[in-house]
């Protein structure tokens, strides 16, 4: 238990010490970076939606041309007279 107490004391000493200097424009740079990330995320989301729509259109066009739901015609004819 003394290990946890030692760590706690060390953290308290670090918190009581002098705080590091922060650049004056840090908030502005963070806001600009956040805006860029949001725009990039929105672009990727729209691109994925566009690709999904294109895939649905391509599948629909293929299905309308190929008619995969219909049973293919038999290769042999049934024998008459059996």
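Numbering (our numbering), first residue to last: 14 to 95. By construction, the Cβ of each residue, glycine as well, lies at the ideal position given by its N, Cα and C atoms.
{"Query": "Secondary structure at residue 29, three-state DSSP: helix, strand or coil?", "Result": "helix"}
{"Query": "Restricting to runs no shorter than 4 residues, where is the alpha helix (DSSP H) found entirely within the region 24-83?", "Result": "39-79"}
{"Query": "Express the C-alpha separation of residue 47 and residue 161 in angstroms, rounding to a whole number.", "Result": "Past the boundaries of the shown model lies residue 161; the chain is included only from 14 to 95, so the question cannot be answered."}
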